[in-house]
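First residue of the sequence shown: 1, per UniProt numbering; consecutive thereafter. Worksheet: the structure to be examined is printed underneath.
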Amino acid sequence: MIISEHAHLVFASPEAVLDNPSVQDLLKDPIFKGRLRALVVDEAHVVQTWGLTPSARSALPFRPAFSRIQTLRTRLGAHLPLLAVSATLPAATVRSILPLLDFGAKHTFAIEAGVDRPNVAYTVSPLAHSAGSFNDLISLFTSPPSSPQAVPKTLIYVRTRAAAYEAAAALQHHFDSFGPAFDGIVRPFTALSSSEFKLDTISNAFQPGGHVRVLIATEAGGLGIDLPDIDHVVQFEIPNDVLDLAQHFGRTMRVKSKPGRSSLLAQRWSVVDSGNETMTISAHAERQRSALSASLRRITDLNVCVRQTIISETRLNLRTVEEVLFSLRCVKGGLWTIPDHIAECSDNPSNEFLLAASTHKPPTSVTAEFCCTSRPCSGSLAAAAFSSSTASATLGTALTTAASSSSSRSVVSAPPAHPKFLVVQQSLKAALILWRSTTHKSRQLPSLLPSRALLPDLVAERILALTTRFLASRGREEELTTELLVEDLGPLVSLIYPGIIDSLALAVDQWCKSYSASNTEVMHHISSRGAFLSHPAPRPSRPT
1 MIISEHAHLV FASPEAVLDN PSVQDLLKDP IFKGRLRALV VDEAHVVQTW
51 GLTPSARSAL PFRPAFSRIQ TLRTRLGAHL PLLAVSATLP AATVRSILPL
101 LDFGAKHTFA IEAGVDRPNV AYTVSPLAHS AGSFNDLISL FTSPPSSPQA
151 VPKTLIYVRT RAAAYEAAAA LQHHFDSFGP AFDGIVRPFT ALSSSEFKLD
201 TISNAFQPGG HVRVLIATEA GGLGIDLPDI DHVVQFEIPN DVLDLAQHFG
251 RTMRVKSKPG RSSLLAQRWS VVDSGNETMT ISAHAERQRS ALSASLRRIT
301 DLNVCVRQTI ISETRLNLRT VEEVLFSLRC VKGGLWTIPD HIAECSDNPS
351 NEFLLAASTH KPPTSVTAEF CCTSRPCSGS LAAAAFSSST ASATLGTALT
401 TAASSSSSRS VVSAPPAHPK FLVVQQSLKA ALILWRSTTH KSRQLPSLLP
451 SRALLPDLVA ERILALTTRF LASRGREEEL TTELLVEDLG PLVSLIYPGI
501 IDSLALAVDQ WCKSYSASNT EVMHHISSRG AFLSHPAPRP SRPT
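What follows is the structure, given as structure tokens:
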């Protein structure tokens, strides 16, 4: 069938192509060789990570056949074009795989298509419990779901097969407390899983609408998981390198119009905040961190943007390609210009080959609810990562100082506030602190997130700046609805955790109602348009 005209695409592993005697006969068949038009290497980075890098257990490469892929071009014909694709091609990987895949012996085209995932938010948090208890994984699902389909579709990566089975048992035991309908919604997925089990999981149970909602996989077992609707990908404990982390995170929510989340739950010794001058690190933790790669140390530094680190560590650097393939003459204009350049040098006795490099990545902006939990992107979320999820909440810098004090992140510029106005804001601040503490304790968001995720500093600043406007609306006996609060917050509403805005609007409205009823004298200082007046302007009482 493969030799005949019926097969147009042939998928095979390197081991099958290079070591299987039956396949060797196929490669020699003149009809098959005559129909062959190209070779494609998907996930090209594994040529290095599996074909060259020694594994921790055996000191030998995991699958050494990957390092011999280039021999196919010799067997099948050097005229065949070779396409290598990957979403993780840092400089070291590029330097390794280009010679192994025999790039540089023909005209070459390199394209950087971009690796950013703007619809995905990134979180990095230290483990609050021992890894063996798996309580940090259980805490991701503390809110009682109404049905199995209400459980966010989650893919969890662990480091060992034993951890996959133990974590699956712990999570399933947790979900059993919600009722018999939740039986079987957690599955382990490892290299030990049978082919039938894997096929049923990927083709049925973990598909959109399937009964399995949480899949716990190892690195090898998780290969081939490529589904469009995974809400949350969790890396439990630090992986071997940032490429593994990027590959795992890359499976989060492939539907670009929907938000997703990628989380690293790292050992506590590995997470630091270089922007916090008061933070101290033990000598033992420092030694452990020093053993990590530089890229993993950046990922686990809460003062460094996770998104930008992943992009910089995984993107294809075209300059590196030019350095490795230095014997090729670089041309401009992309793939379509190569024929013209080839014609120019066709009579060149030196048989000069060309390299055309191009960047094609459309401009994007973050569409997720937030970029990441680093200090530059989420302010106090970074510092909050070290706080207990049940600790008494405070509202961070924006709420512990007067709302009129200057802030480099503030979206509101205003003259100094009237002293009496600050008293009003202090009252609203106290109400917001109480709301945030109560809401976080009710477990309406994953406990891996700090309470500050409920109300980021920028949103708090905006609400405090609108204090008198809210009170003016209450003076007109108008309720503060969710729609009005969304309109007042504008783009900042995207920073609020999904599903929380209704509760926040109700809390602010209740404060307005209570404050206006018990502070009628202050209300006389507020104009109908929401300005705070230095002198009271009494208004006639409304008829009862």
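A virtual CB, placed ideally from N, CA and C, is assigned to each residue, including glycine.
Beta-ladder partner(s) of residue i, from DSSP
{"i": "H232", "result": "T154, R261"}
{"i": "R329", "result": "L354"}
{"i": "P61", "result": "P54"}
{"i": "S372", "result": "The question names Ser, but residue 372 is Cys in the sequence shown. C372 pairs with Y122."}
{"i": "V41", "result": "A84"}
{"i": "A266", "result": "P126"}
{"i": "T359", "result": "E112"}
{"i": "V272", "result": "D301"}
Residue range of the alpha helix (DSSP H) that includes residue i
{"i": "V304", "result": "Taken as a continuous stretch (DSSP letters only), V304 belongs to no alpha helix (DSSP H), as it is neither H nor E."}
{"i": "R37", "result": "That residue, R37, is in no alpha helix (DSSP H); it is neither H nor E in DSSP."}
{"i": "V120", "result": "It is not in any alpha helix (DSSP H) - V120 instead sits in the beta strand (DSSP E) that spans 120-126."}
{"i": "I138", "result": "135-138"}
{"i": "L26", "result": "21-28"}
{"i": "L243", "result": "242-249"}
{"i": "H173", "result": "161-176"}
{"i": "Q48", "result": "46-49"}
{"i": "F197", "result": "195-200"}
{"i": "A12", "result": "Element bounds for A12: n/a, residue is neither H nor E."}
{"i": "H284", "result": "283-290"}
{"i": "S147", "result": "Looking at the DSSP string, S147 is not in any alpha helix (DSSP H), and its letter there is neither H nor E."}
{"i": "T93", "result": "91-100"}
{"i": "L76", "result": "71-76"}
{"i": "E323", "result": "318-324"}
Supposed close pair residue i, residue j - CB separation, criterion 8 angstroms
{"i": "A181", "j": "S125", "result": "Going by Cβ atoms, the distance from A181 to S125 rounds to 30 angstroms, so no, they are not a contact pair."}
{"i": "F134", "j": "E166", "result": "7 angstroms"}
{"i": "T468", "j": "I526", "result": "5 angstroms"}
{"i": "R68", "j": "L27", "result": "Wrong, their Cβ atoms sit about 14 angstroms apart, outside the cutoff."}
{"i": "G77", "j": "F66", "result": "Contact doesn't hold; Cβ gap of about 21 angstroms is too wide."}
{"i": "V115", "j": "I299", "result": "Incorrect: roughly 15 angstroms between the Cβ atoms, too far for contact."}
{"i": "A357", "j": "V321", "result": "6 angstroms"}
{"i": "V233", "j": "L265", "result": "Actually they are not in contact, since the Cβ atoms of V233 and L265 sit about 11 angstroms apart, beyond 8 angstroms."}
{"i": "L80", "j": "L36", "result": "6 angstroms"}
{"i": "L328", "j": "T160", "result": "The Cβ separation is near 44 angstroms, so there is no contact."}
{"i": "V212", "j": "I185", "result": "6 angstroms"}
{"i": "A121", "j": "E369", "result": "6 angstroms"}
{"i": "R117", "j": "T252", "result": "7 angstroms"}
{"i": "L171", "j": "F236", "result": "At roughly 11 angstroms, the Cβ-Cβ gap does not stay under 8 angstroms, so L171 and F236 are not in contact."}
Where the beta strand (DSSP E) through residue i begins and ends
{"i": "E112", "result": "108-112"}
{"i": "P188", "result": "186-189"}
{"i": "I299", "result": "That residue, I299, is in no beta strand (DSSP E); its alpha helix (DSSP H) goes 294-299."}
{"i": "I216", "result": "214-217"}
{"i": "A84", "result": "82-84"}
Which complete alpha helix (DSSP H) runs does the region 441-514 hold, if anything under 4 residues is left out? 457-465, 467-475, 482-489
Would the region 169-177 count as touching the region 241-254 if we require 3 or more Cβ pairs under 8 angstroms? no
Would the region 186-196 count as touching the region 115-130 if we require 3 or more Cβ pairs under 8 angstroms? no
Three CB pairs or more closer than 8 angstroms across the region 202-219 and the region 138-155: yes
I want to know whether the region 142-149 touches the region 278-297 - three or more CB-CB distances under 8 angstroms. no
Within the chosen definition, does the region 96-104 reach the region 64-73 through at least 3 CB pairs nearer than 8 angstroms? yes
Taking 8 angstroms as the threshold, find out whether the region 261-276 comes into contact with the region 296-305 through three or more Cβ pairs. yes
Contact the region 435-442 vs the region 471-491: 3+ CB pairs below 8 angstroms: no
Can at least three beta-carbon pairs, one atom from the region 84-91 and one from the region 42-55, be found at a separation below 8 angstroms? yes
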